[in-house]
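Encoded as structure tokens, the structure appears first; notes follow it.
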Amino acid sequence: MKKITLILVAAVALASCESRQKAIAGTPTTGKLNTRQMAAAKSLYENSCGKCHVLHAPSEYTAEKWKSIIDWMAPRAKLDEQQKQQVFQYVSAHASDAPAG
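First residue of the sequence shown? That's 5 in my numbering, and the numbers climb one at a time after it.
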């Protein structure tokens, strides 16, 4: 378990080093994640959200609905603002109303 946590922390730290975008608190960023950042965000979603309940497929909800879900659940998952933004970017990229491609 400690190895998984260490790997997750390292992946998130690495992904955050690449991003120079500053997110305004409470506002989803609109930039696209690169492949490595998307993988780190997916891992964060799976490990932070999936440790307490069954995960919902990102395509189950619209980006707007995901925003309200993440706003509600992030404090319970102890996500900081940057992690919250990463999870939102991952799920919104795969949301039911996400552009194809």
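Yeah, the Cβ is synthetic: ideal placement off N, Cα and C, and Gly gets one too. The structure displayed is predicted, hence computed values, not measured ones.
Pair within 9 angstroms by beta-carbon distance, residue i and residue j
{"i": "Gln90", "j": "Leu48", "result": "yes"}
{"i": "Glu50", "j": "Ser100", "result": "no"}
{"i": "Lys88", "j": "Ile73", "result": "no"}
{"i": "Ala61", "j": "Ala102", "result": "no"}
Given residue i as reference, the closest of the options once Cα atoms are compared
{"i": "Pro79", "options": "Ala104, Met42, Cys53, Arg40", "result": "Cys53"}
{"i": "Val95", "options": "Cys56, Lys55, Lys69, His57", "result": "Lys69"}
{"i": "Lys46", "options": "His57, Met77, Gln93, Thr66", "result": "Gln93"}
{"i": "Leu37", "options": "Leu83, Ala97, Gln86, Pro103", "result": "Ala97"}
Start and end residues, alpha helix (DSSP H) containing residue i
{"i": "Ser100", "result": "That residue, Ser100, is in no alpha helix (DSSP H); it is neither H nor E in DSSP."}
{"i": "Cys53", "result": "39 to 53"}
{"i": "Ala67", "result": "67 to 81"}
Simplified DSSP state of residue i, which is helix, strand or coil
{"i": "Lys88", "result": "helix"}
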